[in-house]
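Below is one structure; the comments refer to it alone.
Numbering (my numbering), first residue to last: 2 to 144.
If you want it as structure tokens, here you go:
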């Protein structure tokens, strides 16, 4: 799981806290993570991520939660119930995190912020996380 967990940390360190790949990150539970190449960031990137990746993932979480609940009622041994209950708890936490992340992305999607390469990584990293009212909404991993 190098790409999923350690790549971004190594990338930020290698580029001295000015990464060219930016990680969209929903939070601690790891409900949603995606890498976006800075040069490919366009004004509709956030909206595209929401519609194409995040919303289908929310449906996957809902279906998996429903399936694990069915398994939880059907299993007979305590060990299987404990495993299913733990999995359900993790899924519920991730689903809640992804739902909250979706609302944060929605606030930013209407701002249509694009990247201006001449302004540098640090400026653009902060700029794409601002709403049209100037409010900062953290959607990217910290650098």
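C-beta atoms are modelled at their ideal positions from N, C-alpha and C, and glycine is treated no differently.
Beta bridge pairing from DSSP links residue 24 with 36.
Taking a cut-off of 8 Å on C-beta distances, the segment 128 to 141 does not touch the segment 57 to 77, as fewer than three cross pairs fall below it. Annotated three-state conformation of residue 143 is coil, per DSSP.
By the Cβ neighbour-count rule, residue 26 is buried, with 16 or more other Cβ atoms within 10 Å of its own. Closest option to residue 99, judged by alpha-carbon separation, among 2, 47 and 31: 31. If you check the CB distance, residue 114 and residue 21 do not come in under 9 Å.
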